[in-house]
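Number 190 marks the last residue of the sequence shown (my numbering); no jumps.
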Amino acid sequence: MVRNYFELFDLPARFDIDLGDLAARHRERIRIWHPDRYAQATSEERRRAVAMSADLNDGLKVLRDPVARARHLLALRGISTDEETDTVMDGDFLMEQMAWRERLEEGAGRVDEVAALADEVATSRKGKEARLAAALGRGDAADLDEARRLVRELQFLGRFLKELDDAVTEVP
Numbered sequence: 019m020v021r022n023y024f025e026l027f028d029l030p031a032r033f034d035i036d037l038g039d040l041a042a043r044h045r046e047r048i049r050i051w052h053p054d055r056y057a058q059a060t061s062e063e064r065r066r067a068v069a070m071s072a073d074l075n076d077g078l079k080v081l082r083d084p085v086a087r088a089r090h091l092l093a094l095r096g097i098s099t100d101e102e103t104d105t106v107m108d109g110d111f112l113m114e115q116m117a118w119r120e121r122l123e124e125g126a127g128r129v130d131e132v133a134a135l136a137d138e139v140a141t142s143r144k145g146k147e148a149r150l151a152a153a154l155g156r157g158d159a160a161d162l163d164e165a166r167r168l169v170r171e172l173q174f175l176g177r178f179l180k181e182l183d184d185a186v187t188e189v190p
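In structure tokens:
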């Protein structure tokens with residue numbers, strides 16, 4: 019069974035969340051469950067505090083990241099977004115990836131061109147995140163399938179943006 023991080027923080031299970039509120043709820047709960055507070059407690063209470071503290075930290079990490087949050091929402095609904103088994107990608111998106119990779123190769127060593135490409139990819143990511151939020155909000159079967167597809171695309175975009183950032187920092 020999947021641990022519901024939204025319940026852990028008393029948040030509604032939806033894509034759009036207030037990250038400041040999440041951080042405040044994390045601080046409040048971690049203060050209560052921090053293992054140092056249980057140094058004089060029984061071994062069972064110490065184990066429970068360590069486990070709860072780990073869950074809180076894992077939950078914060080998942081819910082802070084839009085792609086991880088979407089994957090978590092889908093997992094709560096029984097939908098897997100495993101990259102190793104879910105390898106089908108939209109043809110148009112694959113063509114767009116190839117075009118971006120060509121531009122990266124052509125622009126290698128030119129910060130302005132790589133930065134412009136990074137801006138374009140970041141804009142695409144924002145658009146996909148908005149579509150993902152809408153699909154998860156509606157939540158019917160077709161929308162959840164679209165959400166699963168968008169999560170896969172966003173995973174690629176995140177890796178590609180990291181690659182673009184690395185390309186910019188490697189330029190002498």
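Note that CB positions come from ideal geometry on N, CA and C, so glycine has one too.
Boundaries of the alpha helix (DSSP H) around A136: V129 to R156. DSSP places G77 within a helical segment (H, G or I) once states are collapsed to three. Membership of T187 in the alpha helix (DSSP H) is indicated by the continuous run A159 to E188.
The segment 70-85 and the segment 112-127 do not touch, with fewer than three beta-carbon pairs separated by less than 8 angstroms. Contact annotation: the segment 147-164 does not touch the segment 178-186, with fewer than three C-beta pairs closer than 8 angstroms. Taken through DSSP and simplified to helix, strand or coil, V85 comes out as helix. Taken through DSSP and simplified to helix, strand or coil, V68 comes out as helix. For R45, the enclosing alpha helix (DSSP H) begins and ends at L37 to W51. Counting other Cβ atoms within 10 Å of its Cβ, V169 reaches 16 or more and is therefore classed as buried. Nearest C-alpha to G38 among L81, L26, A31 and T60: L81. Contact between L26 and L40 does not hold, since their C-beta atoms are separated by about 11 angstroms, which reaches or exceeds 8 angstroms.
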